[in-house]
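Colleague:
There are 2 protein chains.
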Amino acid sequence: MLASWRRMPSFQRHVFVCINERPADHPKGCCKAKGGVEVRDRLKDELGKRGISKLVRANNAGCLDQCERGVSVVVYPEQVWYGGVTVDDIPELVDKHLVGGEVVDRLLMPDQPHLAGRHQFPALQVKK
Amino acid sequence: MLASWRRMPSFQRHVFVCINERPADHPKGCCKAKGGVEVRDRLKDELGKRGISKLVRANNAGCLDQCERGVSVVVYPEQVWYGGVTVDDIPELVDKHLVGGEVVDRLLMPDQPHLAGRHQFPALQVKK
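Chains as they are written, first to last, in the working numbering: chain A, 1 to 128; chain B, 129 to 256.
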């Protein structure tokens, strides 16, 4: 290990925002055309404002294979998929889910059997 | 919901490979220069060969903030971080961890307290 390596972060949540771009005439559309970059930027901004950027990481992702439902966002470790996310949805997504642990039902993609109907996950642990 | 929407996949594992590119003279280096794209391609190829691409998804990721340790790979839902990953590591990573659930210690990034020393996760459930 190099001495210059920074300490490894342990994110409590890791949020991937699709910013994949397809040609303008592609029938699937793409998350970039639907505002993926702006959604990611707003997410990073809202995490920063709340001082939780080291606890919750926002990341670019390539195609998440849900193009028709974009902008696609997936939250780990719980693997909750959100679709049709806009910049205006971000404050609620951050406060309710990323901080509070509660799924934002109105943005939830359908057909997520792995959640087994679960709507509440651990709230963010923030050291005071 | 549009009738044309495909059924939502529930991946058992979701693997993010950093393919972020920085200028050639950037002191941090970058995963793309270290072979991130080739690592992702090999990963997709090996998953396809084993017929498990619908159970384990390989994804591009933007910067995972571990540039010095690249190529960086993170496996969810367990949030296991691997560093210095090369194309030649991929068959072992797939067979041992992504299928078998066992952490590949030799590729593990240091300082992952969230793992609490855990080295075994559920094996992939493949319907016969």
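We put the CB at the ideal spot given by N, CA and C, even for glycine.
Counting C-beta neighbours from all protein chains within 10 Å, is the total for Arg40 of chain A 16 or more, i.e. buried, or is it exposed?
Modeller: When all chains shown are included, Arg40 of chain A counts as buried.
Colleague: From the DSSP output, in three-state form, read off Cys195 of chain B for me.
Modeller: helix
Colleague: Taking the C-alpha atoms as reference points, what is the distance between Glu166 of chain B and Pro110 of chain A?
Modeller: 33 angstroms
Colleague: What's the C-alpha gap between Phe139 of chain B and Pro155 of chain B?
Modeller: 36 angstroms
Colleague: Just verifying my parser: in three-state terms, what is the DSSP assignment at Leu108 of chain A?
Modeller: Strand, per DSSP.
Colleague: Assuming Cys31 of chain A and Gly70 of chain A are in contact, meaning their beta carbons sit under 8 angstroms apart, how far apart are those beta carbons, in whole angstroms?
Modeller: The beta carbons of Cys31 of chain A and Gly70 of chain A sit about 4 angstroms from each other, so the pair counts as a contact at 8 angstroms.
Colleague: Would you check if there are 3 or more beta carbon pairs closer than 8 angstroms linking the stretch 91 to 101 of chain A to the stretch 43 to 62 of chain A?
Modeller: Contact between the stretch 91 to 101 of chain A and the stretch 43 to 62 of chain A is present, with at least three C-beta pairs closer than 8 angstroms.
Colleague: Quick one: using the 10 Å Cβ neighbour count with 16 as the cut-off for buried, is Ala116 of chain A buried or exposed?
Modeller: exposed
Colleague: Pull up the distance between the alpha-carbon of Thr86 of chain A and that of Lys34 of chain A, whole angstroms please.
Modeller: 8 angstroms
Colleague: Val227 of chain B by DSSP, collapsed to three states: which one?
Modeller: helix
Colleague: Is the Cβ of His154 of chain B closer than 8 angstroms to any Cβ of chain A?
Modeller: no
Colleague: Between the C-alpha atoms of Cys67 of chain A and Leu192 of chain B, what's the straight-line distance to the nearest angstrom?
Modeller: 23 angstroms
Colleague: Here's the rule: buried if 16 or more other CB atoms are within 10 angstroms of the residue's CB, otherwise exposed. What is His14 of chain A?
Modeller: buried
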